[in-house]
Amino acid sequence: MAAQNASVQNSPAALLNQLVKAVLNEDEGCDVSQHFQFALRIISSNFAPSVEQDEFHVSEKIKRKLAREGRESDAAYFSELHRKLQAQ
């Protein structure tokens with residue numbers, strides 16, 4: 730029973746709740762449960778598509794800059810390396 734209680738206390742949700750309580754310690758009037766729910770939504774959300782789009786835009790900017798500087802072969806080489814990196 731003690732081991733089960735310890736595992737519940739060390740669950741990610743319980744640890745996040747402790748963190749929220751520690752951060753809000755100075756403001757006694759705060760609704761901890763509201764802040765906990767907000768933190769839980771942020772942590773459980775999926776940011777991966779945004780990162781993939783950012784990576785694509787950055788690589789496109791690099792290729793355009795190289796092409797504007799007259800370095801088309803470098804732009805093509807960069808594109809090839811980026812494609813290989815994505816395939817891994």
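The C-terminal residue of the sequence shown carries number 817 in the working numbering, and the numbering is unbroken. The C-beta atom is built at its ideal place from N, Cα and C for all residues, glycine as well.
Exercise. Taking K792 and F807 to be in contact with their CB atoms under 8 Å, please state how far apart those CB atoms are, rounded to whole angstroms.
Key: Confirmed, about 6 Å.
Could you check whether L745 and I772 sit closer than 8 Å to each other, using their CB atoms as the reference points? For I772 and L745, yes; Cβs fall inside 8 Å.
Quick check on N739: does DSSP put it in helix, strand or coil? Reduced to three states, the DSSP call for N739 is coil.
### Message
Can you list, in chain order, the residues of its chain with a C-beta nearer than 7 Å to that of K750? Leave out the 5 residues immediately preceding and following it.
### Response
Cβ neighbours of K750 beyond the five flanking positions: V761.
Helix, strand or coil at Q782 [DSSP, three-state]: Here Q782 sits in helix by DSSP.
| task | Can you tell me which of the three DSSP states S773 falls into? | result | If DSSP states are grouped into helix, strand and coil, S773 belongs with the helices.
**Asked** DSSP three-state call for E798: helix, strand or coil?
**Response** In this structure, E798 counts as coil in the three-state DSSP scheme.
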